[in-house]
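Have a look at the structure below, then the notes.
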Amino acid sequence: MSGGFVPVYRRRPSALHAARAGAGAGFCLALALVGVVYEHPLVLLAALVAVVAAALAADVGGELRRAARLAVPLALLVAAINPIVSQQGQTVLVRGWEILGRRFDVTLEALAYGGVAALRLLVVVFALALLSAAVDPDELLRLFRRVSYRSALTAALATRLVPVLARDASRMSDAARCRPQPPGRSAVARAALAGALDRAVDVAASLEVRGYARARRPARTRRPWSRHDLRLATVALALVTVAIAARALGAGSFTPYPRLELSAGPAEALLCAALPALALAPFAGRSARLGVAHA
Amino acid sequence: MPEPVLAVERFTYSYPSSAVPALDDVSLSLDPGSFTVVTGASGCGKSTLLRAACGLVPHFHGGEVSGELFAGGMSVRQHGPSDLAEVCGTLLQDPETQVVMNGVRAEIALALEHRGEPQGAVARAVEEASLALGVGHLLDRGVDTLSGGELQRVALAGAIAHRPRLLLLDEPASQLDPVAGDELVSLLRRLNEEWDVAVLVAEHRLERCLAGADRVVALDRGRVACDAAPPEFLAWAAAEDRDDLLTPAARLFKQAGMGPLPASVKQARVLLRGAGLAPAAGGPADDYSGDDAPASARRPMRARLRPRWRSRSAGHAALSLHGVWLELEDGGAILRGVDFAIAPGERVALMGRNGAGKSTLLRVARGLVEPTRGDVRRAGEVALLLQNPGDYLIHERAGDETDAAGLAAAGLEGRASANPRDLSGGERQRLALEVALGTSAPAAVLLDEPTRGMDWPRRRALAERLRALAVAGAGVVVATHDSGFAAEVADRVVLMGQGVVIADGPAAEVLVGGWHFATEVARVLDGAGGALTPEEGALVIERELVG
């Protein structure tokens, strides 16, 4: 009966959940970085496999599926639109139509680049979904609170209010269905919006009585690094180093237009093998399992 | 004399754009370690007094103030809610909007982190507050996974973690079932006794907390009408004919012409024994099950009631559910093979703990949720009033919500142009009920927790409306935690637990034979005569016990 597209954090017995928020977030963002830096389809595919493997190892596959409900249709849309709107590429697959004196053809290159853009989108969205599902948002926000306390708390409130407002809207929609003549959606949406403002006022009052206006910068937390912290941080660093160094050395080059050109040598093969291996490294071995609390 | 933790001196306050003061010349003083209940009819100023004590009035709400209010020695004129948060822990009505963070641990720590406390002190305070309120096992949970009772306790832990000297609570048990409500009151009493926290609770339903209170402040249109210890307060309410402020036990004694009025069930029993009217222990008069009763009479409630009870609905039903299951994707189930039927004109109270499946049963009955198995039959339209009446009111004018007849039935003739948001809680609920009923006569009318936060006169008015609907031929089902309201409105009670019906029988049996779900009168009289309401109880005292 659960719905929605946003992965929800739940504490689970995994190395990623057990690690400090900074290390966990670094690991997820390093995976997302691969999707940003590379356009090579094989490297992107390897990055996607890496993210999914890490999510399964962290026992948040279900949360990734939830994100996929939005991300996959969006990726398919991107993949479908690019060949229509992009007129670059020399290999014409379909002779198109002419609108306002301009010819619209579908080229192999545009089709391939649409697929690449879709893959990049999936890698980045899934990596962020992994972060959302496996890194404690309160701890993460505590990190930012030392930089800007109120901004971080506002972000915390926003994330907390999203499901609350969604529940309010769902309740109002149920109430509307209970009317003998159900009203239109716009009337319900307007009422839900007005209700959201009431909610915001209530939450503001709650924050006031808990000392928000006099909030000080939180004290620095000194916590010894656990082996999970060390593993995650090391792997995140390794992922960033490998991704950037390989890119700087010319590995994973991909040129979509005018004709498809992609490098496919030992460097790419190594990179494609390294990404899933690194993503699974924090979860591998006996030490990754020991010390993880089983709820 | 210790310095009062709250000192209110001739305090008058009016909300912006309101000509009538919400608090009018209020003076009172709370000592450290005191437990005070503030009560009165809806709109009498209870919540405003609490909001003034924590500084929301006037700093957050605006408006005009005269007089003085000191919390922990700080004047509310000079200090806002964030300053007063050093002294006050505040829990407003709806815990859902009290909770700010995603995780329980972070939520309890929030007020301490606002104060910039060192991490060690925060961790210790979180641990102690969570242990004090029995939520230690929830620390690693997300707040969105908590039940209503758990959320309320977590919100309370968040309010006390910084060890406030004054705890302000606005109807803290209004969303809780009787069991969770009793637990919460015990917790408050413990905090009060062991931590010397002064507690100020705004509450309609005095029977829950009067026994533990040192003092009761009754407000009437913003003024202090009575400020006294519970026995004197009850004597005052009886003398002033303020039956709406009396507990059921006190009303029972008043109706029976006995005195003094008791502040608790225990005291009521002592007084009855003292008067030579000790009730015989046991169940209803026709189903006695005391210690000396035969074994067959001491069977568990389910066994005792289910086979015997034959509802009028056995013939033609206004609404019936047969073997209804509602299963979740993860394998759990909210409803587990529920059989339930209601006849035209029958009035049924659906009771049970939070999470027992009452609301879901009503939703399935109305067709908002499809059962995964089983069969729902409706003899006609089914009207459902969900828990938040405000959800039904989506237009800018009351007249756009329903027709003139509906407005008249809601007692809102001549107020068609009023914005529903400006109506009082009771008016909104009456209007929402008419909106849900529509213009045609429904076969069944279902209401989910309609008496939350409602004072006694409004509950009585709602009970009358429901009786009228039943007389008109509708089957009426009310899901409620309020056993007093159930006794008043229902002729049959269905008790649910974990998605199954665990008892189904006449109100006089189910509400007498239970513990948490028994009415206060039934507990005072130990079930004698099957009396549930003060009126019935007074008759029992007169006819059976005296006789």
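So the protein sequences, as listed, match chains A and B.
Per the numbering used here, the first sequence starts with residue 1, numbered consecutively.
Per the numbering used here, the second sequence starts with residue 1001, numbered consecutively.
Using N, Cα and C, we set each Cβ at its ideal position, and we do this for glycine too.
Proximity test, Cβ basis, 8 Å: residue i and chain A
{"i": "T1097 (chain B)", "result": "yes"}
{"i": "F1070 (chain B)", "result": "no"}
{"i": "P1081 (chain B)", "result": "yes"}
{"i": "M1074 (chain B)", "result": "no"}
{"i": "D1177 (chain B)", "result": "no"}
{"i": "P1101 (chain B)", "result": "It should be noted that the sequence gives Met, not Pro, for residue 1101 (chain B). So, interface residue."}
{"i": "Y1392 (chain B)", "result": "yes"}
{"i": "T1090 (chain B)", "result": "yes"}
{"i": "V1482 (chain B)", "result": "Reading off the sequence, residue 1482 (chain B) comes out as Asp, not Val. No, because no Cβ of chain A sits closer than 8 Å to the Cβ of D1482 (chain B)."}
{"i": "E1193 (chain B)", "result": "no"}
{"i": "P1016 (chain B)", "result": "no"}
Simplified DSSP state of residue i, which is helix, strand or coil
{"i": "I244 (chain A)", "result": "helix"}
{"i": "D168 (chain A)", "result": "helix"}
{"i": "I81 (chain A)", "result": "helix"}
{"i": "P1506 (chain B)", "result": "strand"}
{"i": "V201 (chain A)", "result": "helix"}
{"i": "I99 (chain A)", "result": "strand"}
{"i": "E1068 (chain B)", "result": "strand"}
{"i": "I1541 (chain B)", "result": "helix"}
{"i": "E1171 (chain B)", "result": "coil"}
{"i": "F1233 (chain B)", "result": "helix"}
{"i": "L1140 (chain B)", "result": "Here residue 1140 (chain B) turns out to be Asp, not Leu, going by the sequence shown. Coil, per DSSP."}
{"i": "W225 (chain A)", "result": "coil"}
{"i": "H1114 (chain B)", "result": "helix"}
{"i": "Y38 (chain A)", "result": "coil"}
Candidates the options: closest to residue i by CA position
{"i": "T91 (chain A)", "options": "A:A110, A:A54 and A:V203", "result": "A:A110"}
{"i": "V985 (chain B)", "options": "B:V1100, B:R1353, B:L1423 and B:L1433", "result": "Any question about residue 985 (chain B) goes unanswered here, given that chain B covers just 1001 to 1547."}
{"i": "L122 (chain A)", "options": "A:A133, A:A19, A:V164 and A:R69", "result": "A:R69"}
{"i": "R1363 (chain B)", "options": "B:E1542, B:W1325, B:A1155 and B:G1158", "result": "B:W1325"}
{"i": "R1223 (chain B)", "options": "B:A1202, B:A1317, B:S1027 and B:V1270", "result": "B:S1027"}
{"i": "R1458 (chain B)", "options": "B:L1384, B:V1478, B:A1472 and B:Q1429", "result": "B:Q1429"}
{"i": "E63 (chain A)", "options": "A:I81, A:I99 and A:A133", "result": "A:A133"}
{"i": "L1168 (chain B)", "options": "B:V1154, B:Q1175 and B:L1188", "result": "B:L1188"}
{"i": "A274 (chain A)", "options": "A:V52, A:Y257, A:L239 and A:S253", "result": "A:L239"}
{"i": "L93 (chain A)", "options": "A:A279, A:A269 and A:R259", "result": "A:R259"}
{"i": "L45 (chain A)", "options": "A:I99, A:F126 and A:R20", "result": "A:F126"}
Chain B contact for residue i (CB, 8 Å cutoff)
{"i": "V188 (chain A)", "result": "yes"}
{"i": "A238 (chain A)", "result": "no"}
{"i": "P41 (chain A)", "result": "no"}
{"i": "Y113 (chain A)", "result": "no"}
{"i": "A211 (chain A)", "result": "Per the sequence presented here, residue 211 (chain A) reads as Gly, with Ala not at that position. At least one chain B Cβ lies under 8 Å of G211 (chain A)."}
{"i": "T221 (chain A)", "result": "yes"}
{"i": "V164 (chain A)", "result": "yes"}
{"i": "C28 (chain A)", "result": "no"}
{"i": "Y38 (chain A)", "result": "no"}
{"i": "A58 (chain A)", "result": "no"}
Beta-carbon contacts of residue i that lie in its chain and below 8 Å, excluding the five residues immediately before and after
{"i": "A118 (chain A)", "result": "A75, L76, V78 and A79"}
{"i": "D168 (chain A)", "result": "A192, G195, A196 and R199"}
{"i": "R1308 (chain B)", "result": "Any reading at R1308 (chain B) must be qualified, since the residue scores a pLDDT of 42, below 50, and its modelled position is unreliable; no value is offered."}
{"i": "V1625 (chain B)", "result": "For chain B, the structure presents residues 1001 to 1547; residue 1625 (chain B) sits outside this window and is missing."}
Close beta carbons around residue i, own chain, < 6 Å, minus the five adjacent residues each side
{"i": "L1387 (chain B)", "result": "Per the sequence shown, residue 1387 (chain B) should be read as Gln rather than Leu. D1448 and E1449, listed in sequence order."}
{"i": "A1268 (chain B)", "result": "A1249, P1262 and V1524"}
{"i": "G1283 (chain B)", "result": "Residue confidence is low: G1283 (chain B) scores 44 on pLDDT, short of 50, so the model does not pin down where it sits. Its coordinate-derived value is still stated next. Closer than 6 Å at the Cβ level, and outside the excluded window around G1283 (chain B), lie S1289, V1512, G1513 and G1527."}
{"i": "V1065 (chain B)", "result": "Y1013 and P1058"}
{"i": "L1160 (chain B)", "result": "Note that residue 1160 (chain B) is Ile in the sequence shown, not Leu. Once the five neighbours on either side are set aside, the close Cβ partners of I1160 (chain B) are G1089 and A1129."}
{"i": "R145 (chain A)", "result": "A152 and P218"}
{"i": "L1069 (chain B)", "result": "V1008, F1011, A1052 and V1076"}
{"i": "Q1093 (chain B)", "result": "D1170 and E1171"}
{"i": "G1406 (chain B)", "result": "E1434"}
{"i": "L1050 (chain B)", "result": "L1168, D1170 and A1202"}
{"i": "L16 (chain A)", "result": "G24, A58 and A134"}
Nonlocal neighbours in the same chain, by C-beta distance under 7 Å from residue i, ignoring five residues either side
{"i": "F5 (chain A)", "result": "R66, A67, R69 and L70"}
*asked:* Within 8 Å, do at least three Cβ pairs link the region 1329-1347 of chain B to the region 1491-1510 of chain B?
replied: yes
*So does the region 1501-1519 of chain B actually touch the region 1371-1380 of chain B, counting three or more Cβ pairs closer than 8 Å?*
no
*Would you say the region 1202-1221 of chain B touches the region 1237-1253 of chain B, given that touching needs at least three Cβ pairs under 8 Å?*
yes
*Below 8 Å, can you find three or more Cβ-Cβ pairs linking the region 231-243 of chain A to the region 1116-1128 of chain B?*
no
*asked:* Within 8 Å, do at least three Cβ pairs link the region 1013-1030 of chain B to the region 1039-1057 of chain B?
replied: yes
_contact_flag[the region 1114-1121 of chain B, the region 1145-1154 of chain B] where n(CB pairs < 8 Å) is 3 or more_ = The answer is no - the region 1145-1154 of chain B does not touch the region 1114-1121 of chain B, with fewer than three Cβ pairs under 8 Å.
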